[in-house]
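Written out below as structure tokens is the structure these notes cover.
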Amino acid sequence: MIARLDQLIDSIADRYIVKQTLIISLIIFTVNMILKGWFAGLGAFYLDESHQVSMATYSIGGIWELHKEAANGPFFTWVLSLWMDIFGISEFATRMLSVVFASLAAIAIYIFAKTHYNFKAAVIAVILFTFGDTVLYFSHETRSYTLILLLVTLSFHYGLKLIENYRKRYLIIYFLLITALLYTHLTMVLAIAMQFYMALIYYPKNKKAFWSLFIAQFAAGLMILIWVLSNTWFGGNETTWGHIPTFTNLLEMIQRYLNMMRPKLLWALLFVIILIISLGAIRSKLIHKIDWRKLQIAVLWALFPIFAMYFISIYYNPRFMPRYMLFATPGIYLLIGYVASLPKLRSLFLIIIVIIASSFYINNLNLKSDKPEEWKKLVTEYKKLKDESSITYISASYMHWPFSYYYDREIFKNDLQIKDELEKEHIYFTDTKGGIKSQLFSEFKYSIVILAHNIAVDPNRTLLTYFTDRYKLVSRSSFKSIEIYKFENGEKLVKSDSVFFSFDDDRIFHNTIKENKEAYSGNKVSEIMPADQYSATYETTMSSFVQKNAVAVNISAMVKPIGEANNIKLVVDLFDGKTKKRKFNKLFMINDFYQGNEWSKVEFKVLLPKYNEDDLIKVFFWNSFEEHLLIDDMSITF
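Per the working numbering, the very first residue in the sequence shown carries number 4; after that it's consecutive.
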């Protein structure tokens, strides 16, 4: 019975599926368009998207000039510009271009795998690609990464066709594809390097094709030099916004591309699959029939971009982010599909395996991609707060693109005049307090402060501190990673709360206060010793303060280390009043304040997140390395 079913499935595949590439391609494209395009318009543009759309509003020549000062070439921006001329600049319209590229990439993966590997490998690879969460996420971005997916897959396809069956048309198409790749993103030298290796392992079979592919790559390199030599961004302008990855980050990246966010389940599943496939291959003696060159290509495509970017991020410039290695995903899915297709399994059994594995895989698919910034909602709130009596400061200074897109679309379209036009409405952009026009404050009753990317341009939050030290906070809100504050200008109308502890009265503390003749004042100190992990802890609910909208807390204390005390930290914790879960935590190393083993003053300013009145705040010193420290005269001011 099973044998007959197996024969029937193979017969149907041979007659109606394998041969009908056009029909299958149309189905793949339609499914991907629906799946990836359904919620493409959800979520506001974040900085990179709005900047990309802004560049695409220029002419073809203007885009070339803009990209002379950019990190990557203009090809995608040219394509986006033509697309926007037809469909407009809305979130849905521009992101649908990425959806189209991703859907075409799915077809390209199917054709490549079916042509150069086998039908089963093609089906598995397309299923994994279609339901890949990371691919879907970048399909919902007006960025170049799904175009890169398409171009890389097509360049592998025509590169391999050129190697296996030399034709001039394959050479021309391959040259155009890799030139477009280089003019889209310079990291594509990694893809071209992989394809050079692909040609190298086929060198004995077709030397002419190898040299043809090499010449095409060399010519593409000369073509990109036209842009590189006119570019002013290189040579010291490279920015760093990522972090140096760890080996754990490497594993997490592979997990992300495999849609498996549970590491133990992932590695266990992979082990079981590899074991089953290996046993099946050995039993059926297919291990001797493996096309090792094709297997090398799949392995290289799957892993080389990830490991290359991993080491580049460690030793040169941190770029270990999913978008930069997204073009490795077709290789990952192809590798899985090819290896899974090697054992001579009955078709029914293979279908069952695919269904079970896909159920785990698709379970992590999120059709509604979560964006890092929510400018649309913020600008809606801003328009409620803004009036003729308010002046506005927005940080970072380059946030004029996403802000203007939602504030006034006509201002956004005129990129060169965005800041000038907004300044007419008393909206200013600055990175720090240095851009504040204090002479204008007398003309306005309120100041509105919008903060984004503070960790990059103003990690000490000097802009916000300037206002919290001078003016009364009227309201505050946050929209994901963006914050908006409204202050009433003039003198503070509400006094600050301040508490001071000499520790001579220990009844308000949860920890034991000790008498010590070396006390800075009075007779008692909070003494951290090897056996004591925590100092005296100040603890209270936020409702106990007069300053209900306090943004910052200033903490100072006198400290005296006894011997080595280089790892003690000041800790500020904020706990949710209802759930008791920690919602904010800040740690400060205090050893930089020491003046030998004498009494020294430590001072910190902590900017608090938005809180409820029943939230609980705790302030204490934490001794995590069994060291020895005396603490006295602690002052806490809200």
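Built from N, CA and C at the ideal position, the CB exists for glycine as well. Quantities reported herein were computed from a predicted structural model and do not represent experimental measurements.
Check                                                                                                                                                                     : Outcome
Assuming the contact rule is C-beta atoms closer than 8 Å, K117 and A125 should be a hit. Round their C-beta distance to whole Å, please.                                 : 4 Å
Considering only DSSP beta bridges, list what R479 is partnered with.                                                                                                     : Y488
In terms of residue numbering, what span does the alpha helix (DSSP H) encompassing S215 cover?                                                                           : 210 to 231
Is it the case that the Cβ atoms of H160 and R98 are separated by a distance below 8 Å?                                                                                   : no
With DSSP collapsed to three states, give me the class of T97.                                                                                                            : helix
Can you list, in chain order, the residues of its chain with a C-beta nearer than 8 Å to that of L216? Leave out the 5 residues immediately preceding and following it.   : G162, L165, I166, L174, Y177, Q198, F199, A202
Drop a sphere of 10 angstroms on the beta-carbon of T149, count the other beta-carbons inside from all chains shown, and report buried for 16 or more, exposed for fewer. : buried
Around the Cβ of S392, are there at least 16 other Cβ atoms within 10 angstroms (buried) or fewer (exposed)?                                                              : exposed
When burial is assigned at 16 or more other CB atoms within 10 Å of the CB, is F470 buried or exposed?                                                                    : buried
Go through its chain and collect everything with a Cβ distance to E601's Cβ below 8 Å, but skip five positions before and after it.                                       : K563
What does the alpha-carbon distance come out to for the pair W304 and A212?                                                                                               : 20 Å
Classify K71 as helix, strand or coil using the three-state DSSP reduction.                                                                                               : coil
Alpha carbon to alpha carbon, what distance is there between D472 and E68?                                                                                                : 44 Å
Which first and last residues belong to the beta strand (DSSP E) in which N457 is found?                                                                                  : Segment 457 to 460 is the alpha helix (DSSP H) holding N457; no beta strand (DSSP E) there.
With which residues is F2 paired in a DSSP beta bridge?                                                                                                                   : Absent from the structure is residue 2, since the part of the chain shown begins at 4 and ends at 641.
Where T145 and T80 are concerned, what is the direct C-alpha to C-alpha distance, given to the nearest angstrom?                                                          : 10 Å
Flag this pair as touching only if the region 563 to 577 and the region 616 to 635 have three or more C-beta atom pairs under 8 Å; answer yes or no.                      : yes
Could you tell me the distance, in whole angstroms, from the CA atom of F503 to the CA atom of M637?                                                                      : 6 Å
Which first and last residues belong to the alpha helix (DSSP H) in which E606 is found?                                                                                  : From DSSP, E606 is part of no alpha helix (DSSP H) but of the beta strand (DSSP E) over 603 to 610.
Could you check where the alpha helix (DSSP H) with Y385 kicks off and where it finishes?                                                                                 : 378 to 388
Threshold first: 4 residues or longer. Then list the alpha helix (DSSP H) segments lying entirely within the region 294 to 323, N to C.                                   : 295 to 318
If you drop the 5 nearest sequence neighbours on each side, which residues of the same chain put their C-beta closer than 6 Å to that of P405?                            : F48, L50, S53, W378
At what residues does the alpha helix (DSSP H) containing N252 begin and finish?                                                                                          : 250 to 260
Terminal residues of the continuous beta strand (DSSP E) containing I181?                                                                                                 : Where I181 is concerned, there is no enclosing beta strand (DSSP E), although the alpha helix (DSSP H) it sits in stretches over 171 to 185.
Considering only DSSP beta bridges, list what A555 is partnered with.                                                                                                     : L610
What residues in its chain sit with their C-beta under 7 Å from that of L189, if we drop five residues either side in the sequence?                                       : N75
Kindly indicate which three-state DSSP category S538 falls into: helix, strand or coil?                                                                                   : coil
Near F596, which residues of its chain fall below 6 Å by C-beta distance, leaving aside the five closest residues on each side in sequence?                               : S603, V605
Verify whether the separation of the beta carbon atoms of F628 and L573 is less than 8 Å.                                                                                 : no
Go through the region 121 to 170 residue by residue and report every complete run of the alpha helix (DSSP H) that reaches 4 residues or more, in order.                  : 122 to 133, 136 to 142, 148 to 167
For the candidate residues W214, S478, L139, whose alpha-carbon lies nearest to that of P325?                                                                             : L139
Which residue from A96, I30, N320, W236 puts its Cα closest to that of W41?                                                                                               : A96
If the criterion is Cβ atoms closer than 8 Å, does the pair A109 and I204 meet it?                                                                                        : no
Excluding the 5 residues preceding and the 5 following Y431 in the sequence, name in chain order all residues of the same chain whose CB lies nearer than 6 Å to its CB.  : Y396
Should Y318 be labelled buried (16 or more other beta-carbon atoms within 10 Å of its own) or exposed?                                                                    : exposed
Quick one: what does DSSP say T235 is sitting in, helix, strand or coil?                                                                                                  : coil
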